[in-house]
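>
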Amino acid sequence: MLLTQDQEMIRDAVRDFAQTELWPHAARWDKEHHFPKEAHQGLAALGAYGICVPEEFGGAHLDYLTLALVLEEIAAGDGGTSTAISVTNCPVNAILMRYGNAQQKRDWLTPLARGEMLGAFCLTEPHVGSDASALRTTAARQGEEYVINGVKQFITSGQNGHVAIVIAVTDKGAGKKGMSAFLVPTSNPGYVVARLEDKLGQHSSDTAQINFDNCRIPAENLIGAEGEGYKIALGALEGGRIGIAAQSVGMARSAFDAALAYSKERESFGQPIFHHQAVGFRLADCATQIEAARQLIWHAAALRDAGRPCLKEAAMAKLFASEMAERVCSAAIQTLGGYGVVNDFPVERIYRDVRVCQIYEGTSDVQKIIIQRALA
1 MLLTQDQEMI
11 RDAVRDFAQT
21 ELWPHAARWD
31 KEHHFPKEAH
41 QGLAALGAYG
51 ICVPEEFGGA
61 HLDYLTLALV
71 LEEIAAGDGG
81 TSTAISVTNC
91 PVNAILMRYG
101 NAQQKRDWLT
111 PLARGEMLGA
121 FCLTEPHVGS
131 DASALRTTAA
141 RQGEEYVING
151 VKQFITSGQN
161 GHVAIVIAVT
171 DKGAGKKGMS
181 AFLVPTSNPG
191 YVVARLEDKL
201 GQHSSDTAQI
211 NFDNCRIPAE
221 NLIGAEGEGY
231 KIALGALEGG
241 RIGIAAQSVG
251 MARSAFDAAL
261 AYSKERESFG
271 QPIFHHQAVG
281 FRLADCATQI
291 EAARQLIWHA
301 AALRDAGRPC
311 LKEAAMAKLF
321 ASEMAERVCS
331 AAIQTLGGYG
341 VVNDFPVERI
351 YRDVRVCQIY
361 EGTSDVQKII
371 IQRALA
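Oh and the sequence shown: position 192 is 192 in UniProt numbering, straight run, nothing missing.
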(Lines of atoms letter the chains of each structure in order from A; the text may use other names.)
(Lines give C-alpha, C1' and ligand atoms only; values in the text may rest on other atoms or scores of the structure.)
Protein backbone atom coordinates (compact mmCIF):
# COMPACT_ATOMS: atom_id res chain seq x y z
CA MET A 1 0.00 0.00 0.00
CA LEU A 2 1.31 3.43 -0.95
CA LEU A 3 0.79 6.58 1.09
CA THR A 4 -0.46 9.83 -0.35
CA GLN A 5 1.71 12.94 -0.28
CA ASP A 6 -0.47 14.40 2.47
CA GLN A 7 -0.09 11.26 4.58
CA GLU A 8 3.67 11.30 4.13
CA MET A 9 3.80 14.99 5.05
CA ILE A 10 1.79 14.45 8.25
CA ARG A 11 3.85 11.40 9.18
CA ASP A 12 7.10 13.30 8.67
CA ALA A 13 5.90 16.29 10.71
CA VAL A 14 4.95 14.07 13.65
CA ARG A 15 8.20 12.10 13.28
CA ASP A 16 10.23 15.31 13.51
CA PHE A 17 8.34 16.34 16.63
CA ALA A 18 8.68 12.91 18.24
CA GLN A 19 12.40 12.70 17.59
CA THR A 20 13.12 16.22 18.88
CA GLU A 21 10.54 16.67 21.66
CA LEU A 22 9.81 13.13 22.89
CA TRP A 23 12.76 10.82 22.29
CA PRO A 24 15.44 12.98 24.01
CA HIS A 25 13.33 13.17 27.19
CA ALA A 26 11.74 9.72 27.28
CA ALA A 27 14.37 8.17 29.56
CA ARG A 28 13.97 10.95 32.13
CA TRP A 29 10.17 10.74 32.02
CA ASP A 30 10.48 7.01 32.58
CA LYS A 31 12.74 7.41 35.63
CA GLU A 32 10.68 10.22 37.14
CA HIS A 33 7.25 8.80 36.24
CA HIS A 34 6.62 12.18 34.69
CA PHE A 35 3.50 13.03 32.69
CA PRO A 36 4.83 15.40 29.99
CA LYS A 37 2.14 18.08 29.73
CA GLU A 38 4.43 20.22 27.61
CA ALA A 39 4.80 17.45 25.03
CA HIS A 40 1.05 16.89 24.94
CA GLN A 41 0.55 20.59 24.26
CA GLY A 42 2.87 20.31 21.28
CA LEU A 43 1.05 17.26 19.99
CA ALA A 44 -2.26 19.06 20.40
CA ALA A 45 -0.91 21.87 18.23
CA LEU A 46 -0.13 19.26 15.57
CA GLY A 47 -3.70 18.00 15.71
CA ALA A 48 -2.78 14.60 17.16
CA TYR A 49 -5.72 14.50 19.58
CA GLY A 50 -8.45 14.59 16.95
CA ILE A 51 -7.08 12.90 13.85
CA CYS A 52 -10.38 11.42 12.65
CA VAL A 53 -12.73 14.01 14.17
CA PRO A 54 -14.57 16.30 11.71
CA GLU A 55 -13.28 19.85 11.46
CA GLU A 56 -16.55 21.26 12.79
CA PHE A 57 -15.73 19.62 16.12
CA GLY A 58 -12.11 20.74 16.22
CA GLY A 59 -10.52 17.76 14.54
CA ALA A 60 -8.32 17.20 11.50
CA HIS A 61 -10.94 15.10 9.63
CA LEU A 62 -8.38 12.55 8.46
CA ASP A 63 -8.59 8.77 8.19
CA TYR A 64 -7.63 5.81 10.35
CA LEU A 65 -4.60 5.09 8.23
CA THR A 66 -3.29 8.55 9.08
CA LEU A 67 -4.09 7.92 12.74
CA ALA A 68 -2.02 4.72 12.56
CA LEU A 69 0.88 6.66 11.02
CA VAL A 70 0.69 9.31 13.73
CA LEU A 71 0.56 6.80 16.58
CA GLU A 72 3.51 4.86 15.19
CA GLU A 73 5.63 8.00 15.13
CA ILE A 74 4.60 9.14 18.62
CA ALA A 75 5.29 5.65 20.00
CA ALA A 76 8.71 5.67 18.36
CA GLY A 77 9.41 8.75 20.46
CA ASP A 78 7.80 7.57 23.69
CA GLY A 79 5.46 4.67 24.30
CA GLY A 80 3.56 6.10 27.26
CA THR A 81 2.77 9.35 25.51
CA SER A 82 1.41 7.46 22.52
CA THR A 83 -0.93 5.45 24.76
CA ALA A 84 -2.56 8.56 26.21
CA ILE A 85 -3.03 9.97 22.70
CA SER A 86 -4.33 6.64 21.39
CA VAL A 87 -7.01 6.29 24.07
CA THR A 88 -8.28 9.82 23.45
CA ASN A 89 -8.53 9.23 19.69
CA CYS A 90 -10.05 5.80 20.00
CA PRO A 91 -12.07 4.70 21.90
CA VAL A 92 -13.04 8.06 23.47
CA ASN A 93 -13.40 10.31 20.42
CA ALA A 94 -14.64 7.44 18.27
CA ILE A 95 -17.49 6.73 20.68
CA LEU A 96 -18.55 10.37 20.81
CA MET A 97 -18.37 10.70 17.03
CA ARG A 98 -20.66 7.73 16.51
CA TYR A 99 -23.01 7.85 19.49
CA GLY A 100 -22.75 11.32 21.00
CA ASN A 101 -25.58 13.80 20.54
CA ALA A 102 -25.04 17.35 19.30
CA GLN A 103 -24.56 18.79 22.79
CA GLN A 104 -22.11 16.06 23.84
CA LYS A 105 -20.09 16.62 20.70
CA ARG A 106 -20.01 20.35 21.33
CA ASP A 107 -19.23 20.13 25.05
CA TRP A 108 -16.85 17.17 25.07
CA LEU A 109 -15.72 16.02 21.64
CA THR A 110 -14.58 19.47 20.54
CA PRO A 111 -12.22 20.15 23.47
CA LEU A 112 -10.95 16.56 23.29
CA ALA A 113 -10.15 16.87 19.59
CA ARG A 114 -8.40 20.19 20.14
CA GLY A 115 -6.21 18.71 22.85
CA GLU A 116 -7.74 20.89 25.55
CA MET A 117 -8.85 17.72 27.33
CA LEU A 118 -7.47 14.22 27.72
CA GLY A 119 -9.88 11.29 27.68
CA ALA A 120 -10.06 8.06 29.68
CA PHE A 121 -12.03 4.87 29.03
CA CYS A 122 -13.38 3.02 32.07
CA LEU A 123 -14.31 -0.54 31.17
CA THR A 124 -11.99 -2.98 32.99
CA GLU A 125 -12.72 -3.82 36.64
CA PRO A 126 -10.69 -5.63 39.34
CA HIS A 127 -12.60 -8.87 38.74
CA VAL A 128 -13.49 -8.27 35.10
CA GLY A 129 -10.89 -8.15 32.34
CA SER A 130 -11.52 -10.01 29.12
CA ASP A 131 -15.16 -10.82 29.98
CA ALA A 132 -16.71 -7.38 29.66
CA SER A 133 -20.19 -8.83 30.10
CA ALA A 134 -19.58 -9.41 33.83
CA LEU A 135 -19.28 -5.79 34.96
CA ARG A 136 -20.25 -4.90 38.54
CA THR A 137 -20.15 -1.09 38.40
CA THR A 138 -23.72 0.22 38.47
CA ALA A 139 -25.47 3.39 37.36
CA ALA A 140 -28.85 3.96 39.00
CA ARG A 141 -31.30 6.52 37.63
CA GLN A 142 -32.51 8.97 40.27
CA GLY A 143 -34.67 11.69 38.77
CA GLU A 144 -32.59 13.71 36.33
CA GLU A 145 -29.35 12.11 37.47
CA TYR A 146 -27.50 8.81 37.38
CA VAL A 147 -25.58 7.67 40.46
CA ILE A 148 -22.54 5.53 39.63
CA ASN A 149 -20.96 3.15 42.13
CA GLY A 150 -18.16 0.68 41.57
CA VAL A 151 -14.47 0.28 40.81
CA LYS A 152 -12.61 0.48 37.51
CA GLN A 153 -9.10 -0.90 37.15
CA PHE A 154 -6.04 -0.18 34.95
CA ILE A 155 -7.47 3.05 33.54
CA THR A 156 -5.12 4.93 31.21
CA SER A 157 -5.13 8.66 32.05
CA GLY A 158 -7.36 7.94 35.04
CA GLN A 159 -5.58 10.68 36.95
CA ASN A 160 -4.44 13.07 34.22
CA GLY A 161 -7.55 12.77 32.08
CA HIS A 162 -10.33 15.34 32.16
CA VAL A 163 -13.32 13.23 31.16
CA ALA A 164 -13.97 9.49 31.24
CA ILE A 165 -16.36 7.32 29.29
CA VAL A 166 -17.66 4.85 31.86
CA ILE A 167 -19.43 1.59 31.06
CA ALA A 168 -21.81 0.63 33.88
CA VAL A 169 -24.77 -1.67 34.54
CA THR A 170 -28.17 0.01 34.43
CA ASP A 171 -30.26 -3.17 34.42
CA LYS A 172 -28.81 -6.10 36.36
CA GLY A 173 -31.24 -8.58 34.85
CA ALA A 174 -30.56 -7.80 31.21
CA GLY A 175 -27.02 -9.14 30.81
CA LYS A 176 -25.09 -7.50 27.99
CA LYS A 177 -28.14 -5.41 27.12
CA GLY A 178 -28.22 -3.99 30.63
CA MET A 179 -25.05 -1.90 30.25
CA SER A 180 -24.87 1.77 29.36
CA ALA A 181 -22.18 4.34 28.59
CA PHE A 182 -21.73 7.65 30.40
CA LEU A 183 -19.58 10.76 30.28
CA VAL A 184 -18.05 11.50 33.68
CA PRO A 185 -15.86 14.56 34.33
CA THR A 186 -12.89 13.50 36.43
CA SER A 187 -13.42 16.61 38.58
CA ASN A 188 -16.66 15.08 39.87
CA PRO A 189 -16.43 14.57 43.68
CA GLY A 190 -17.59 10.98 43.27
CA TYR A 191 -14.75 10.18 40.86
CA VAL A 192 -11.90 9.09 43.14
CA VAL A 193 -8.39 8.12 42.04
CA ALA A 194 -7.85 5.32 44.57
CA ARG A 195 -4.34 4.40 43.48
CA LEU A 196 -1.79 4.77 40.72
CA GLU A 197 -0.30 1.52 39.48
CA ASP A 198 3.44 0.95 39.92
CA LYS A 199 3.95 -0.49 36.45
CA LEU A 200 6.61 -2.32 34.49
CA GLY A 201 6.74 0.41 31.84
CA GLN A 202 4.99 3.34 30.18
CA HIS A 203 5.77 5.53 33.16
CA SER A 204 4.93 8.73 31.27
CA SER A 205 1.28 7.66 31.15
CA ASP A 206 -0.64 7.13 34.37
CA THR A 207 -2.66 3.97 34.97
CA ALA A 208 -5.13 4.27 37.81
CA GLN A 209 -7.74 2.48 39.84
CA ILE A 210 -10.89 4.61 39.95
CA ASN A 211 -13.53 4.35 42.66
CA PHE A 212 -16.98 5.68 41.86
CA ASP A 213 -18.48 6.66 45.20
CA ASN A 214 -22.06 7.85 44.70
CA CYS A 215 -20.81 9.68 41.62
CA ARG A 216 -23.72 11.82 40.44
CA ILE A 217 -23.90 12.92 36.83
CA PRO A 218 -26.70 14.59 34.83
CA ALA A 219 -28.93 12.20 32.90
CA GLU A 220 -27.89 14.06 29.76
CA ASN A 221 -24.43 12.49 30.15
CA LEU A 222 -25.81 9.14 28.99
CA ILE A 223 -24.23 8.28 25.64
CA GLY A 224 -26.71 6.80 23.19
CA ALA A 225 -29.55 4.90 24.84
CA GLU A 226 -29.71 2.77 27.96
CA GLY A 227 -28.64 -0.76 27.16
CA GLU A 228 -26.20 0.18 24.39
CA GLY A 229 -23.07 0.29 26.55
CA TYR A 230 -21.75 -3.16 25.68
CA LYS A 231 -22.19 -2.55 21.96
CA ILE A 232 -20.60 0.89 22.25
CA ALA A 233 -17.59 -0.40 24.18
CA LEU A 234 -16.78 -3.40 22.02
CA GLY A 235 -17.35 -1.51 18.79
CA ALA A 236 -14.83 1.13 19.80
CA LEU A 237 -12.20 -1.46 20.65
CA GLU A 238 -11.98 -2.44 16.97
CA GLY A 239 -10.42 0.90 16.07
CA GLY A 240 -8.46 1.00 19.31
CA ARG A 241 -6.74 -2.25 18.42
CA ILE A 242 -5.45 -0.73 15.20
CA GLY A 243 -3.97 2.05 17.32
CA ILE A 244 -2.31 -0.34 19.77
CA ALA A 245 -0.84 -2.27 16.86
CA ALA A 246 0.58 0.95 15.41
CA GLN A 247 2.10 1.83 18.77
CA SER A 248 3.71 -1.60 18.88
CA VAL A 249 5.35 -1.02 15.51
CA GLY A 250 6.62 2.38 16.58
CA MET A 251 8.25 1.04 19.74
CA ALA A 252 9.67 -1.98 17.93
CA ARG A 253 11.12 0.30 15.28
CA SER A 254 12.91 2.43 17.87
CA ALA A 255 14.42 -0.62 19.54
CA PHE A 256 15.45 -1.98 16.16
CA ASP A 257 17.03 1.33 15.11
CA ALA A 258 19.04 1.43 18.33
CA ALA A 259 20.23 -2.14 17.83
CA LEU A 260 21.09 -1.56 14.18
CA ALA A 261 23.13 1.55 14.97
CA TYR A 262 24.93 -0.25 17.79
CA SER A 263 25.72 -3.25 15.58
CA LYS A 264 27.46 -1.01 13.06
CA GLU A 265 29.61 0.66 15.72
CA ARG A 266 30.45 -2.22 18.05
CA GLU A 267 33.41 -4.25 16.81
CA SER A 268 34.17 -7.87 17.56
CA PHE A 269 36.81 -10.10 15.97
CA GLY A 270 38.05 -7.22 13.88
CA GLN A 271 34.79 -6.01 12.34
CA PRO A 272 31.43 -4.47 13.29
CA ILE A 273 29.16 -7.13 14.73
CA PHE A 274 26.58 -6.29 12.05
CA HIS A 275 28.74 -8.22 9.60
CA HIS A 276 28.61 -11.39 11.69
CA GLN A 277 25.89 -13.51 10.18
CA ALA A 278 24.25 -14.32 13.51
CA VAL A 279 23.68 -10.63 14.21
CA GLY A 280 22.93 -9.60 10.63
CA PHE A 281 20.33 -12.33 10.17
CA ARG A 282 18.74 -11.45 13.51
CA LEU A 283 18.33 -7.85 12.40
CA ALA A 284 17.07 -8.92 8.98
CA ASP A 285 14.34 -10.95 10.68
CA CYS A 286 13.43 -7.95 12.84
CA ALA A 287 13.16 -5.61 9.86
CA THR A 288 10.93 -8.10 8.05
CA GLN A 289 8.62 -8.58 11.02
CA ILE A 290 8.24 -4.83 11.57
CA GLU A 291 7.26 -4.27 7.95
CA ALA A 292 4.87 -7.23 7.96
CA ALA A 293 3.12 -5.86 11.04
CA ARG A 294 2.89 -2.40 9.49
CA GLN A 295 1.20 -3.81 6.39
CA LEU A 296 -1.36 -5.68 8.51
CA ILE A 297 -2.15 -2.40 10.29
CA TRP A 298 -2.47 -0.42 7.09
CA HIS A 299 -4.79 -3.05 5.62
CA ALA A 300 -7.06 -3.04 8.68
CA ALA A 301 -7.09 0.78 8.71
CA ALA A 302 -7.91 0.91 5.00
CA LEU A 303 -10.86 -1.43 5.51
CA ARG A 304 -12.17 0.73 8.35
CA ASP A 305 -11.75 3.87 6.25
CA ALA A 306 -13.74 2.21 3.46
CA GLY A 307 -16.57 1.43 5.87
CA ARG A 308 -15.98 -2.30 5.61
CA PRO A 309 -15.89 -4.76 8.52
CA CYS A 310 -12.40 -5.16 9.96
CA LEU A 311 -12.90 -6.93 13.30
CA LYS A 312 -10.79 -9.90 12.22
CA GLU A 313 -8.14 -7.78 10.50
CA ALA A 314 -7.82 -5.42 13.48
CA ALA A 315 -7.42 -8.42 15.78
CA MET A 316 -4.78 -9.92 13.47
CA ALA A 317 -2.89 -6.63 13.37
CA LYS A 318 -2.89 -6.22 17.14
CA LEU A 319 -2.00 -9.86 17.80
CA PHE A 320 0.89 -9.96 15.36
CA ALA A 321 2.23 -6.45 16.00
CA SER A 322 2.20 -6.64 19.79
CA GLU A 323 3.87 -10.05 19.93
CA MET A 324 6.29 -9.05 17.17
CA ALA A 325 7.29 -5.97 19.16
CA GLU A 326 8.28 -8.01 22.18
CA ARG A 327 10.36 -10.32 19.98
CA VAL A 328 12.09 -7.40 18.28
CA CYS A 329 12.83 -5.68 21.59
CA SER A 330 14.24 -8.93 22.95
CA ALA A 331 16.40 -9.29 19.84
CA ALA A 332 17.59 -5.71 20.28
CA ILE A 333 18.60 -6.45 23.87
CA GLN A 334 20.44 -9.56 22.69
CA THR A 335 22.29 -7.52 20.08
CA LEU A 336 23.47 -5.02 22.68
CA GLY A 337 24.45 -7.77 25.09
CA GLY A 338 25.06 -6.46 28.60
CA TYR A 339 24.32 -2.92 27.48
CA GLY A 340 20.85 -4.05 26.48
CA VAL A 341 19.70 -4.55 30.06
CA VAL A 342 20.99 -1.30 31.59
CA ASN A 343 19.19 2.01 31.40
CA ASP A 344 22.13 3.80 29.80
CA PHE A 345 20.67 2.47 26.54
CA PRO A 346 17.01 2.78 25.49
CA VAL A 347 16.15 -0.79 24.54
CA GLU A 348 15.40 -2.03 28.06
CA ARG A 349 12.95 0.84 28.56
CA ILE A 350 11.26 0.17 25.23
CA TYR A 351 11.00 -3.52 26.11
CA ARG A 352 9.21 -2.58 29.34
CA ASP A 353 6.97 -0.11 27.53
CA VAL A 354 5.90 -2.49 24.78
CA ARG A 355 5.03 -5.54 26.89
CA VAL A 356 1.59 -4.26 27.86
CA CYS A 357 0.53 -4.05 24.20
CA GLN A 358 -0.28 -7.77 24.40
CA ILE A 359 -2.72 -7.07 27.24
CA TYR A 360 -4.69 -3.84 26.96
CA GLU A 361 -7.66 -3.39 24.62
CA GLY A 362 -7.91 -7.17 24.45
CA THR A 363 -5.25 -9.73 25.30
CA SER A 364 -3.52 -11.83 22.66
CA ASP A 365 -5.78 -14.73 23.63
CA VAL A 366 -8.87 -12.59 23.06
CA GLN A 367 -7.56 -11.61 19.63
CA LYS A 368 -7.16 -15.29 18.79
CA ILE A 369 -10.74 -15.95 19.87
CA ILE A 370 -11.95 -13.15 17.57
CA ILE A 371 -9.94 -14.52 14.66
CA GLN A 372 -11.09 -18.08 15.33
CA ARG A 373 -14.75 -17.02 15.33
CA ALA A 374 -14.26 -15.18 12.05
CA LEU A 375 -12.86 -18.34 10.50
CA ALA A 376 -15.74 -20.55 11.65
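Glycine is no exception: its CB is placed at the ideal position from the N, C-alpha and C atoms. Treat the numbers as computed from the prediction; the structure is a model and nothing was measured.
Should Asp-353 go down as buried or exposed, given a rule of 16 or more other Cβ atoms within 10 Å for buried?
Buried, since its Cβ has 16 or more Cβ neighbours within 10 Å.
> Consult DSSP for Asp-305 and reduce its assignment to one of helix, strand or coil.
Of the three classes helix, strand and coil, the one that applies to Asp-305 here is helix, per DSSP.
> Note down, one range per segment and in chain order, each alpha helix (DSSP H) of at least 4 residues found wholly within the segment 55-94.
Listed in chain order, the complete alpha helix (DSSP H) runs (minimum 4 residues) inside the segment 55-94 are 64-77, 79-87.
> Going by alpha carbons, who is nearest to Gln-209 out of Gly-158, Ala-233, Phe-274?
The shortest C-alpha separation from Gln-209 is found at Gly-158.
> Alpha carbon to alpha carbon, how far is Asp-6 from Pro-24? Give it in angstroms, no decimals.
If you take the alpha carbons of Pro-24 and Asp-6, they lie about 27 Å apart.
> Starting from Tyr-146, follow its DSSP beta bridges and name the residues at the other end.
Answer is Arg-141, Ile-217.
> Taking all protein chains shown into account, decide if Met-1 is buried (16 or more other Cβ within 10 angstroms of its Cβ) or exposed.
Exposed.
> How would you write the range of the alpha helix (DSSP H) that Ile-10 sits in, first residue to last?
Segment 5-17, the alpha helix (DSSP H) holding Ile-10.
> Ser-322 and Ala-245 look like a contact to me (Cβ under 8 Å); what is the Cβ gap, rounded to whole Å?
With a Cβ gap of about 7 Å, Ser-322 and Ala-245 count as contacting.
> Report the CB separation of Phe-182 from Ile-223 in whole angstroms; it is logged as a contact under 8 Å.
Yes, Phe-182 and Ile-223 are in contact; Cβ-Cβ is about 6 Å, under 8 Å.
> Taking buried to mean at least 16 other C-beta atoms within 10 Å of its own C-beta, is Ser-268 buried or exposed?
Answer is exposed; the Cβ neighbour count stays below 16.
> Can you check which of these residues, Leu-65, Met-9, Ala-45, is closest to Ala-306 by C-alpha distance?
Considering only alpha carbons, the answer is Leu-65.
> Please determine, among Pro-126, Ser-187, Ala-233, Asp-257, the residue with the shortest C-alpha to C-alpha distance to Leu-96.
That would be Ala-233, whose Cα lies nearest to the Cα of Leu-96.
> Say the cut is 6 Å; is the CB of Glu-228 nearer than that to a heavy atom of the ligand COA?
The ligand COA is absent from the structure shown, which contains no ligands of any kind.
> Whole angstroms are fine: how far does the CA of Arg-304 sit from the CA of Gly-239?
When rounded, the distance between both Cα atoms is 8 Å.
> Rounded to a whole number of angstroms, what is the C-alpha to C-alpha distance between Ala-194 and Asn-211?
Going from the Cα of Ala-194 to the Cα of Asn-211 covers about 6 Å.
> Compare the Cα-Cα distances from Lys-37 to each of Val-192, Glu-144, Ile-148, Asp-206 and report the closest residue.
Closest option to Lys-37, Cα to Cα, is Asp-206.
> In the DSSP output, which residue or residues are listed as bridge partners for Asn-211?
For Asn-211, which the question treats as bridged, DSSP gives the partners Val-151, Val-192.
> Tell me Met-179's beta-bridge partners as DSSP assigns them.
In the DSSP output, where bridge partners are listed per residue, Met-179 has Val-169.
> If you measure between the beta carbons of Cys-357 and Ser-204, is that distance less than 7 Å?
It is not a contact, given that the beta carbons lie outside the stated cut-off.
> With three or more beta-carbon pairs closer than 8 Å as the criterion, would you say the segment 357-368 touches the segment 333-344?
Not touching, per the Cβ criterion.
> Just to confirm the assignment: which complete beta strand (DSSP E) runs, minimum length 3, are found wholly within the segment 106-133?
Listed in chain order, they are 119-122.
> Whose C-alpha, out of Ala-259, Met-324, Ala-75, is nearest the C-alpha of Thr-288?
The candidate whose alpha carbon is nearest that of Thr-288 is Met-324.
> Out of Cys-286, Thr-138, Ile-217, Asn-221, state which residue places its alpha-carbon closest to the alpha-carbon of Asp-107.
The residue with the shortest Cα to Cα distance from Asp-107 is Asn-221.
> Between the alpha carbons of Val-328 and Gly-227, how many angstroms are there, rounded?
Their backbone Cα atoms lie some 42 Å apart in a straight line.
> Check whether the segment 79-94 and the segment 143-152 are in contact - that is, three or more C-beta pairs closer than 8 Å.
Touching, no.
> On the criterion of 16 or more Cβ atoms from any shown chain inside 10 Å, does Gly-173 qualify as buried, or is it exposed?
Counting Cβ neighbours within 10 Å, Gly-173 comes out exposed, since fewer than 16 surround it.
> Measure the C-alpha to C-alpha separation of Ala-113 and Ala-374 and round it to an integer number of angstroms.
If you take the alpha carbons of Ala-113 and Ala-374, they lie about 33 Å apart.
> With distances taken Cα to Cα, identify the nearest neighbour of Pro-126 among Leu-118, Gly-119, Thr-137, Ala-120.
Per the Cα distances, Thr-137.
> Given this structure, state the Cα-to-Cα distance separating Val-166 from Arg-294, to the nearest angstrom.
Their Cα atoms are separated by approximately 31 Å.
> I'd like to check one pair, Arg-15 with Glu-73: are the Cβ atoms closer than 7 Å?
Their beta carbons are under 7 Å apart, which means Glu-73 touches Arg-15 by this criterion.
> Could you tell me which residues DSSP pairs with Val-184 in its beta bridges?
In DSSP, Val-184 forms a bridge with Ala-164.
> Given a cut-off of 7 Å, decide if Asn-214 and Gly-190 are closer than it, judged by their beta-carbon atoms.
In this structure, Asn-214 lies closer than 7 Å to Gly-190 by Cβ.
> Apart from the five residues just before and just after Gly-119, which ones in its own chain have a Cβ nearer than 8 Å to its Cβ?
Cβ within range, chain order: Val-87, Thr-88, Val-92, Asn-93, Leu-112, Ser-157, Gly-161, His-162, Val-163, Ala-164, Ile-165.
> Which residue comes first and which comes last in the alpha helix (DSSP H) that contains Ile-232?
Looking at the DSSP string, the run of the alpha helix (DSSP H) that includes Ile-232 is 229-265.
> Which same chain residues, not among the five before or five after Ile-10, have their C-beta less than 8 Å away from its C-beta?
Excluding sequence neighbours, Ile-10 sits near Leu-62, Thr-66, Leu-69, Val-70.
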